[in-house]
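Since the structure comes first, as structure tokens, the remarks are kept for the end.
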Amino acid sequence: MIVEPQVRDYGFSPAQQDEIWRRWREGQSFSLIGRTLGAPMQHARRFLYQSGVVRLAPQTRSEVSP
1 MIVEPQVRDY GFSPAQQDEI WRRWREGQSF SLIGRTLGAP MQHARRFLYQ SGVVRLAPQT
61 RSEVSP
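To convert, note that position 28 of the sequence shown is 28 in my numbering; the numbers rise steadily by one, no gaps.
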């Protein structure tokens, strides 16, 4: 049985998660990202590193064929 690792969100809303990715791609420091979001720098860093710093595509279910 294969179990997919769960991605922890560290309390960030989907909008905040998008903001973390955007700021990180722009080259902002984790310290600045955390300060901007009002969260500890470690939470922003761990949020990105848990996925190997690769943004995962949102999971969707395939449509059921009739």
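Each residue gets a CB set at the ideal place from its N, CA and C atoms; glycine is no exception. This one's a predicted model, so the numbers in the text were calculated from it and none came from an experiment.
- Following the DSSP letters along the chain, one finds residue 16 inside the alpha helix (DSSP H) bounded by residues 14-25.
- In terms of CA proximity to residue 34, 16 leads the group 25, 16, 26, 50.
- Just measuring C-alpha positions, the residue of 61, 20, 64 sitting nearest residue 39 is 20.
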